[in-house]
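*Asks:* Starting off with a structure, shown below.
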Amino acid sequence: MKGRAGVLYTLPLMLWSCIFFIIPIIIVFIYSFLAKGLYGGVVWQFSLKAFSALFSWSFFRVSLVTLLIAVLSTILTLLIALPVSYYLARTKNNTLLLALVVIPFWVNLLLRVYAWIAILGREGFLNHLMTFLGYRGEPVQFLFNFWAVVIVHVYTYLPYMILPLYSNIEKFDFGLLEAARDLGATHMGSLVRVMLPNIKGGIVTAILFAFIPTMGSYAIPDLVGSTNSHMLGNSIAYNIRTANNWPLASAISLVLTLISALGIMIYFFLNRKPARHKVREAP
Amino acid sequence: MIKKPHALSRRIYWLTVVFLFLPLAVLMLYSFNASRSFKFSGFSIKWYYSLFSRWIAPEKIAAVFPELGARELAQIVERSKNIWTAVRNSFAIAFATGLVSTVIGALGAIGLSWYRFSYKKFLQGVSFVPLLLPEIITGVSLLIFFSSILRLKLSLITVLIGHISFCLPFVLLIIIARLEEFDYSIIEAARDLGARERDILFRIILPISAPGILAGFVGALTLSLEDFVVTVFVQGANSPTLPVFIHSLIKRGVPPEINALSVFLILFTVVLILSIRNFIKYIGK
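Chains as they are written, first to last, in this note's numbering: chain Z, 1081 to 1363; chain V, 74 to 358.
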């Protein structure tokens, strides 16, 4: 309760957050309004050039591709994660089943991406498998396209979605499903109209866990994408490293931060009324 | 009751497990491949020899790779050295990150969950927001901060600062979750009985939160070992961590030793998770 002790405990955290989080974010904000230096860095001169570049056709394209990849892979991941978490929640003694889903998630991301390169590449596992099964055409390049980026994102963020969904479905009272069926609902109907509304909070969390990191993804499109499937993260990296345009990189970072903030706000808005009532009121 | 009530979801579950493990299995398969390519042409453990070649006698390596000349053999040893240097960098960074972020995080968690002070709301907001931002934002903002404001030379130190920055919120979250399970009245009781602030910290809070602190440390360790995005922005030129090193190899063409290395890393992860789980369960009792 003593104020002084609380301040002492939290002082290192406060200092670290201010120096290495707040100040850098403020600098990114300021940089986006400055002119570009010739060899990286900035010239301290007010300029809206970076923001006007955000209204170019090429930036619009990258944003659209990013959004499309993020939406598509989030939906696909959710469609897989929902039945998986449902099965986990309905199974007793599921420690092993849960571990099977979590273990791949702890393996280094770069190794997982590399494994997909080994599978999808022109000389990769899938092509050899197809040849083995009797395919006699030219080897197919499954890599370096839009769909490769989507598949690897689905692969990467599946565990992120399964865990929050599972912990939510686990708390759901499955007796309600039987009640709904007794009242004439089909099995699928009871799941969709009784269970889904009750695990809304978990679904929103799961979507956020997959959507926001995918929006800011950099390594995956860099390694398995092509120039046509480059995302906002690649634009930031390109402007930092190759084009030496730090104001533009800052402006794109700012856009990405705003998108994430928007997602978080939607999350808190939807979760304002926590699903405490197990039974949804009749409409 | 229907006989198999979750037949569909069970099938989807097992298909998903196959999907999740397929890439790992493929890496394992190729680590025992006799040829360099992704075409399986016989069983061999020679890539394990080349992975560890920096510690193996040159004659032995030459016997495993009879077709290679002296220059190529030297390249194998050189690669092995680079791989293990990257592994060492990664572990050094991970342990340092774990230590610093656990200390700062544990103190912060204690303060945030059990004390009241003026800027508490602000700190709660500020310390959790990074959790929700894409990693690349952390990377870029720190890079700009380091190179333009602090004028720091990028090195393992800047990598360390970056890692601590994105690990702190997670550590904080894990430890706070643990502390919330405990009753604050223990501390009030201790204070009523005349305990000093120091006694409360060392004899009540720390023992109570030990499992959470350990879980936070392990969390930071694995997050740090895993990280690529922040590292690639704030790293110096000549000291890659393992993910950054693997990234550069993927860009240039991956040597088959990496398959063998992945098998070790996968096994390491599984053993680490299982032992930590049991250990936390054990001291949590």
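We put the CB at the ideal spot given by N, CA and C, even for glycine.
Could you check if Thr-1307/Z belongs to the surroundings of the ligand GTP, using beta carbon to heavy atom distance under 8 Å?
*Replies:* For the structure depicted, the ligand GTP is absent and the ligand set is empty, with no information on it obtainable.
*Asks:* Given a threshold of 16 other Cβ atoms within 10 Å of its Cβ, counted over all protein chains shown, does Gly-1296/Z qualify as buried or as exposed?
*Replies:* Under this definition Gly-1296/Z is a buried residue.
*Asks:* Counting only runs of 4+ residues fully inside the segment 148 to 225 of chain V, write out the alpha helix (DSSP H) ranges in chain order.
*Replies:* Listed in chain order, the complete alpha helix (DSSP H) runs (minimum 4 residues) inside the segment 148 to 225 of chain V are 193 to 205 and 208 to 217.
*Asks:* Can you give me the C-alpha to C-alpha distance between Trp-87/V and Ala-1161/Z, rounded to a whole angstrom?
*Replies:* One C-alpha to the other measures close to 12 Å.
*Asks:* Against chain Z, with Cβ distances strictly below 9 Å, would Glu-140/V count as a contact?
*Replies:* Chain Z, which has no Cβ nearer than 9 Å to the Cβ of Glu-140/V, makes this no.
*Asks:* Output the distance between the C-alpha atoms of Ala-262/V and Ser-153/V, rounded to the nearest integer angstrom.
*Replies:* Spanning the two alpha carbons is a distance of roughly 58 Å.
*Asks:* Going by Cα to Cα distance, which pick from Ser-117/V, Lys-354/V and Ile-156/V is closest to Ala-283/V?
*Replies:* It is Lys-354/V.
*Asks:* Taking Phe-1131/Z as the reference, give the member of Ile-1110/Z, Gly-1121/Z, Ala-1150/Z and Val-1145/Z with the closest Cα.
*Replies:* Nearest of Ile-1110/Z, Gly-1121/Z, Ala-1150/Z and Val-1145/Z to Phe-1131/Z, Cα basis: Ile-1110/Z.
*Asks:* How would you list, in chain order, the residues of chain V whose beta-carbon sits under 7 Å from the beta-carbon of Thr-1236/Z?
*Replies:* Ordered by position in chain V, no residue passes the 7 Å Cβ test against Thr-1236/Z, which lies about 10 Å from the chain.
*Asks:* Grab me the residues of Ile-339/V's own chain with a C-beta within less than 7 Å of its C-beta, minus the 5 sequence neighbours each way, in chain order.
*Replies:* Cβ within range, chain order: Leu-97.
*Asks:* Using the beta-carbon of each residue, which ones in chain Z are nearer than 7 Å to Tyr-103/V?
*Replies:* Simply Ala-1198.
*Asks:* In chain order, what are the residue ranges of uninterrupted alpha helix (DSSP H) at least 4 long that sit wholly in the segment 261 to 337 of chain V?
*Replies:* The qualifying runs are 279 to 299, 302 to 307 and 315 to 325.
*Asks:* Should Ser-258/V go down as buried or exposed, given a rule of 16 or more other Cβ atoms within 10 Å for buried?
*Replies:* By the neighbour-count rule (16 or more Cβ atoms within 10 Å), Ser-258/V is not buried but exposed.
*Asks:* Counting only beta-carbon separations shorter than 9 Å, does Val-1272/Z have a partner in chain V?
*Replies:* No, no contact with chain V.
*Asks:* Strictly under 9 Å for the Cβ-Cβ distance: is Val-150/V near chain Z by that measure?
*Replies:* Cβ-Cβ to chain Z under 9 Å: no for Val-150/V.
*Asks:* Only counting the same chain, and skipping five residues up and downstream in sequence, which positions put a Cβ closer than 6 Å to that of Thr-342/V?
*Replies:* For Thr-342/V, where only same-chain residues beyond five positions count, there are no Cβ hits under 6 Å.
*Asks:* Between the C-alpha atoms of Leu-141/V and Ala-135/V, what's the straight-line distance to the nearest angstrom?
*Replies:* Going by the C-alpha atoms only, they are around 7 Å apart.
*Asks:* Does the distance from the C-beta atom of Leu-1031/Z to that of Ile-166/V stay below 9 Å?
*Replies:* Coverage of chain Z is limited to positions 1081 through 1363, which leaves residue 1031/Z absent and any answer about it impossible.
*Asks:* Are Val-1122/Z and Leu-1334/Z touching if we call contact CB-CB under 9 Å?
*Replies:* No, the Cβ-Cβ distance between Val-1122/Z and Leu-1334/Z is not below 9 Å.
*Asks:* Run the CB neighbour count on Asp-1253/Z, radius 10 Å, all protein chains shown included, and call it buried at 16 or more, exposed below.
*Replies:* The residue is exposed, with fewer than 16 neighbouring Cβ atoms inside 10 Å.
*Asks:* Check whether the Cβ of Trp-187/V lies closer than 9 Å to any Cβ atom in chain Z.
*Replies:* So, interface residue.
*Asks:* Straight-line CA distance for Thr-170/V to Ile-1103/Z?
*Replies:* Answer to the nearest angstrom: the Cα atoms are 21 Å apart.
*Asks:* So, under 8 Å CB-CB, Ile-349/V and Trp-1186/Z are touching, yes? Tell me the CB distance rounded to an integer number of Å.
*Replies:* About 11 Å; that fails the 8 Å criterion.
*Asks:* Mind listing the chain Z neighbours of Arg-83/V? Cutoff is C-beta to C-beta under 7 Å, in chain order.
*Replies:* Tyr-1167, listed in chain order.
*Asks:* Find out if the Cβ-Cβ distance for the pair Ile-1332/Z, Ile-1316/Z is shorter than 9 Å.
*Replies:* Yes; because the gap between Cβ atoms is below 9 Å, this pair is in contact.
*Asks:* Using 9 Å as the threshold, is the C-beta distance between Leu-1312/Z and Val-1230/Z below it?
*Replies:* No, these two residues do not count as a Cβ contact at 9 Å.
*Asks:* Could you work out which residues of chain V lie near Gly-1296/Z, taking near to mean beta carbons separated by less than 8 Å?
*Replies:* Here the neighbours are Leu-206, Pro-207, Glu-208, Ile-209 and Ile-210.
*Asks:* Leaving out five residues before and five after Leu-1178/Z in sequence, what residues of the same chain have Cβ atoms less than 8 Å from its Cβ?
*Replies:* Only Leu-1168 and Tyr-1246 meet the Cβ criterion.
*Asks:* So, at 8 Å on beta carbons, what are the nonlocal neighbours of Ser-104/V in its own chain, with the 5 sequence-adjacent residues on each side left out?
*Replies:* Same-chain partners within the cutoff: Trp-120, Tyr-121, Pro-329, Asn-332, Ala-333, Ser-335 and Val-336.
*Asks:* If you count every other CB in all the chains shown that lies within 10 Å of the CB of Pro-1277/Z, and 16 or more means buried, which is it?
*Replies:* Answer is exposed; the Cβ neighbour count stays below 16.
*Asks:* Using beta carbons (cut-off 9 Å, strictly below), is Ser-335/V in contact with chain Z?
*Replies:* Yes, Ser-335/V counts as interfacial toward chain Z.
*Asks:* On the CB-based measure, 16 or more other CB atoms within 10 Å of its CB, does Asn-351/V come out buried or exposed?
*Replies:* Exposed: under 16 other Cβ atoms inside 10 Å.
*Asks:* If you measure from the beta carbon of Phe-1131/Z to each beta carbon in chain V, is any gap under 9 Å?
*Replies:* It does not: the Cβ of Phe-1131/Z has no partner Cβ on chain V nearer than 9 Å.
*Asks:* How should Leu-1098/Z be labelled, buried or exposed, when 16 other C-beta atoms within 10 angstroms of its C-beta is the threshold for buried?
*Replies:* Checking the displayed sequence, the identity of residue 1098/Z turns out to be Cys instead of Leu. Flag for Cys-1098/Z reads exposed.
*Asks:* Hey, Gly-285/V and Arg-251/V are a contact pair by Cβ (cut 8 Å); roughly how many whole angstroms apart?
*Replies:* The Cβ separation is near 3 Å, so the contact holds.
*Asks:* For the alpha helix (DSSP H) holding Leu-1180/Z, just list the boundary residues, first then last.
*Replies:* Element bounds for Leu-1180/Z: 1175 to 1186.
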